[in-house]
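Report on the following structure.
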Amino acid sequence: MIATNRLRVLAAGTVLALVVAACGSDDTTTNEGGDGSVATGEPPTPEITTAPDTTSDTTAGDTTPDTVGDDRTAAGVTLVTYDSFPEADTSLNEALGRFTADTGIDVDILVAGDTGTMLAKAALTAGNPEGDVMWGIDNTFLSRAVEEDIFEPYEAAGLGNVPSELTDLVPNADATPVDYGDVCVNYDIGWFDERGLEPPTSFDDLVDPAYAGMLVVQNPATSSPGLAFLLATIDEYGADGWQQYWQALGDNGVEVVESWTQAYYERFTWAGGGPTPMVVSYGTSPPAEVIFADPPRDDAPTGVMESTCFRQVEFAGVLRGTDAPEEARQLVDFLISEEFQQELPLNLFVYPANSSVDLPQEFVDFAVAPDEPRTLDPDVIDENRSTWIDEWTELVLG
Amino acid sequence: MDRAGARVNRLPRWFVAALTVGPATGLAVFFLWPFVTLLAEALSGEAISATLGRDATWDVVWFTTWQAVVSTVSTVLIAMAPAYVVARFDFRTRRLLVGLLTAVFVLPTVVMGAAILALLPESLDRTVFAIVAAHVVFNLAVVVRLVGAMWEHLPTDMEAAAATLGASRWQVFTQISLPLIRPSVIAAATVVFLFSFTSFGVIRVVGATGTRTVEVEIWRRATQLGDIGGAAVLTVLQLLVLGAGLAWSTTAQRRHSRALGLTLRSPLRRPTGRGERRLVTGVVAATFAVAGAPLVALVVRSFSTPTGWSATAWTDLGRTEIRPGIRVGVDPWNAIANSLVNAVWATLFAVVVGGLATLAIAAAGRAGRVLDAGLMLPLGTSAVTIGFGMLITFDAPPVDWRASWWLVPVGHALIAVPFVVRATLGVLRSVAPDLTTAAATLGAPPVRAWRETVVPYLWRPLAAGAGLAAAISLGEFGATSFLSRSGGETMPIAIERLLGRTGSLLQAQGFALATMLAVTTIVAVAVTDRLQAGGPSAGRDRGSS
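So the protein sequences, as listed, match chains Y and E.
The first sequence: position 220 = 220 (my numbering), numbered continuously.
Just so we're on the same page, my numbering is the position in the second sequence counted from 1, plus 398.
In structure tokens, the structure reads:
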């Protein structure tokens, strides 16, 4: 898609140049970009519509005026994102389509891989990015993203609707919080019911022999929910106490697998027909189980252990070196607008960062997002990630 | 071996150079350049000392190497039986069997690994044994196709003569056939070794948690820890080990290749006699069981839900609206179309480049050997390294190619070219020089003599290589998984997306899609085979047999 669009842009540009050079009539060229992707007819005055409360740092950070002059024939931006973001055909994409219709800014989606891969690429290409806006860096990767200088600071219009506990994570407006959710232990309600066993409610319960061999988790070295769960235990027991806890978890028969898919779809009693009735998954897995149930059902088959929930916050930001900074900022504004945010829950199964959005009923009924979730400072995570993972590997797998 | 004949008819230097230029340029631009760019960017004294000083590094290198050796030996030994049967006998399910093996080769590891785990006894789950078993099952197709491509061309008369003289089937195999097909066996073993050595998915899905090959560790360092320097050092280590193996294998292939007086295609025959029928039936049945069981498991899982059986995954496949107002954005038909388009281009690139390269390698002596080894390198280089290398190399005009659609098929072709070369080279080297000499004697200029005598032997092995190339592309192997993508998802990506989300319907649809990928592959392989059967060599086939 992007290739053809760029080609079209190029072609349109060339044609335009030729036309100008020849001083001919432009009747034939203008109606080419009917779908708005080329935006041929747009006057060369970029309307600085949004971000009325523009902060000073955005203008100061505007160090790359690499576009020659201001004759921007094409207002298109590329949204770089992780691989669970739908490329087309969902209400999320339709919302982006409305953005295009309103602003004339075409949005291409570029999928860069999982979050870690996306960040690694962005770090390698910092200053000459693959796209203009990035969606989906989470709080475990945020510090590295800032340190690698991949974002151009921008304070989005409409940030007032985002609660301060989210915006506090990015004091310099390096990036904009766009959604959040939790990684929590899920359990198979039916399995526990059948045995007349109460599901555990705390981390301490998980090392109780009554729940021996009932939990499957992911390897924090290779899985993002796995890392979140490790961080949750570090939050509970501290940087010096978690090792002992994991020792106990190991003694109690915790199973470790490489990925979420394996844990959920191979080992979990509910979804995989496996042997383990508890799995590290998401606070929003139960509503997904209801919505995508086959046959349809109206109660959740799985429950969430609230006390284990670790908060994941995702951010979007303008990529430093973008050649369409103005359009990129407009897109970021849109990403936290109500219109876009209301589509997040049922597409990405996350909570919208914009608190004025009403949640869908399935979320209200079945999803869990504790008021006081576990969390760690992004800087602390980044500083210790490698050490903790190595230590954990030695301890649990070694 | 006597090369005098070849010398008399030596191809003009310009001609050999012209053959070489294309493949060499492609390799330089799309592999060496990105690779070197990444190393230049990432390698540092600090990264080197940190990585080499870590005990874990050497543990990983050692584990990677020995599991690859064990996997390769096991695969080659086990695959010899189906390779023989497929190359020599005509039986009703022959084409299906080859297609099936190839389908197993390409299915996403997440899916196949799960199926293999389900079939192994619980006690062997997540052990090295499971890893080796998975490598064997995955790579059967490589051996069957690469060795088969040569075996088919071996004249049957020597085997028949030996048998007449009282040699047992085993003696015929070890004393007649094996020495003759040895170059292709080494070629296949090399490829299997490269695949097992750079194994990623299998290790993660089937291996014990935390098991790491160099490839897994490169990925983890680069993407999860942001340690590109460490990843680069590991890439170099990986290449050093592989380079040694490759050098040995390239030399060995040449040493063992000899002029065989190949036939264009030995006729397949129906098995005769009780022993032979039993042998063929047994091998075919066993192969079907090994390759088919995981596929059956796929189909079963596409119909299963946590609460019972359901066909909804299939009936709703492609219906965009799964629940009122809720769409997943996975369009299977679109994904198939995307995959097929990529596969067609990748196969085209791979066959053209690989075909030229084979001719050049066979004709060009020492330079040919360098090209040969060079073309194998992408197979043994970490996908992360190539992908990231491309990202930072093709990032500015005039080579601003990062988002070009064709970079994906080019990446696939990079992995597929070695298969085309391996499938073809052994056959080409074995064309009897006297054929060419005879043609020259009859007055044909060198290029014409070469075209008339050598080129006709290329079609069948090229078709085998093309089948694998298409499969590689359909299965999305290699660097492309680390290229950013836009413009729609391919089958493997759609499958992974579905299996990465919560919800029983999505899970079942993931398996339904995987089943479709398998079927697509089987069809694609059958079509390539048939194209070839109707191709230019068909008429000659009849004339020569």
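By construction, the Cβ of each residue, glycine as well, lies at the ideal position given by its N, Cα and C atoms.
{"Check": "8 Å Cβ cutoff, G443/E in contact with chain Y", "Outcome": "no"}
{"Check": "Residues sharing a beta bridge with S281/Y, DSSP", "Outcome": "C184/Y"}
{"Check": "Collapsed DSSP secondary structure at Q361/Y in the structure displayed", "Outcome": "helix"}
{"Check": "Limits of the unbroken beta strand (DSSP E) element including V589/E", "Outcome": "Run containing V589/E: none in the beta strand (DSSP E); it sits in the alpha helix (DSSP H), 576-595."}
{"Check": "Test: I381/Y CB closer than 8 Å to a CB of chain E", "Outcome": "no"}
{"Check": "Minimum C-alpha distance to G748/E - residue among V819/E, V726/E, R493/E", "Outcome": "A quick correction: the sequence has Ala, not Gly, at residue 748/E. The residue with the shortest Cα to Cα distance from A748/E is V819/E."}
{"Check": "Any C-beta of chain Y under 8 Å from that of G627/E", "Outcome": "no"}
{"Check": "Pair within 8 Å by beta-carbon distance, R524/E and G605/E", "Outcome": "yes"}
{"Check": "Contact check, D294/Y vs T703/E, beta carbons under 8 Å", "Outcome": "yes"}
{"Check": "Residue-level contact to chain Y via CB, G873/E, 8 Å cutoff", "Outcome": "no"}
{"Check": "is_contact[Q905/E, chain Y] using C-beta, thresh 8 Å", "Outcome": "yes"}
{"Check": "DSSP-derived helix/strand/coil call for Y407/Y", "Outcome": "Residue 407/Y cannot be examined here, being either before or after the span of chain Y that is shown, 1 to 398."}
{"Check": "CB contact below 8 Å: G69/Y versus chain E", "Outcome": "Low confidence applies here, because G69/Y scores a pLDDT of 41, under 50, leaving its location unreliable and the question unanswered by this model."}
{"Check": "Terminal residues of the beta strand (DSSP E) in which S307/Y lies", "Outcome": "302-319"}
{"Check": "CB contact flag (A393/Y, G451/E, <8 Å)", "Outcome": "For the sequence presented, residue 393/Y should be read as Thr rather than Ala. Contact flag unset, no."}
{"Check": "Contacts around A369/Y, its chain only, beta-carbon distance under 6 Å, and the 5 residues preceding and following it disregarded", "Outcome": "D182, G283, Y351"}
{"Check": "Per-residue burial, L10/Y [other beta carbons within 10 Å of its own, 16 or more giving buried]", "Outcome": "Because the pLDDT at L10/Y is just 40, under 50, the model does not fix this residue reliably, and the value given afterwards should be weighed accordingly. L10/Y is exposed by the Cβ-count criterion."}
{"Check": "Chain Y within 8 Å of T500/E, Cβ atoms only", "Outcome": "no"}
{"Check": "Closer than 8 Å to chain E by CB, R267/Y", "Outcome": "no"}
{"Check": "Three or more C-beta pairs below 8 Å linking the stretch 907-927 of chain E and the stretch 725-741 of chain E", "Outcome": "yes"}
{"Check": "E894/E Cβ short of 7 Å to the ligand COA heavy atom set", "Outcome": "As presented, the structure is devoid of all ligands, the ligand COA included, so that no description of it is given."}
{"Check": "P286/Y versus N347/Y - alpha carbon distance", "Outcome": "14 Å"}
{"Check": "Cβ-Cβ distance between N354/Y and N139/Y below 8 Å", "Outcome": "no"}
{"Check": "Contacts that I870/E makes with chain Y (C-beta to C-beta distance below 8 Å)", "Outcome": "Within 8 Å Cβ-Cβ: nothing; I870/E doesn't reach chain Y, min ~20 Å."}
{"Check": "I720/E - containing beta strand (DSSP E), residue span", "Outcome": "719-721"}
{"Check": "Touch test, the stretch 495-508 of chain E against the stretch 434-447 of chain E, Cβ-Cβ under 8 Å, three pairs minimum", "Outcome": "no"}
{"Check": "Within 8 Å of chain E by C-beta, residues of the stretch 104-122 of chain Y in sequence order", "Outcome": "D108, I109, L110, V111, A112, G113, D114, G116, T117, L119, A120, K121"}
{"Check": "Against chain E: residues of the stretch 334-357 of chain Y by CB proximity under 9 Å", "Outcome": "L346, N347, F349"}
{"Check": "Start and end residues, alpha helix (DSSP H) containing Q636/E", "Outcome": "626-654"}
{"Check": "Other residues of its chain near F786/E: CB distance less than 6 Å, five sequence neighbours each side excluded", "Outcome": "L436"}
{"Check": "Proximal residues to D382/Y (C-beta, below 7 Å), its chain only, five neighbours per side dropped", "Outcome": "S143, R144"}
{"Check": "Any C-beta of chain E under 8 Å from that of Q247/Y", "Outcome": "no"}
{"Check": "is_contact[P225/Y, chain E] using C-beta, thresh 8 Å", "Outcome": "no"}
{"Check": "CB-CB length for A288/Y against T661/E, believed under 8 Å", "Outcome": "Contact doesn't hold; Cβ gap of about 60 Å is too wide."}
{"Check": "P86/Y: contacting residues in chain E (beta-carbon distance under 9 Å)", "Outcome": "R725, V726, G727, V728, R895"}
{"Check": "Start and end residues, beta strand (DSSP E) containing G76/Y", "Outcome": "76-81"}
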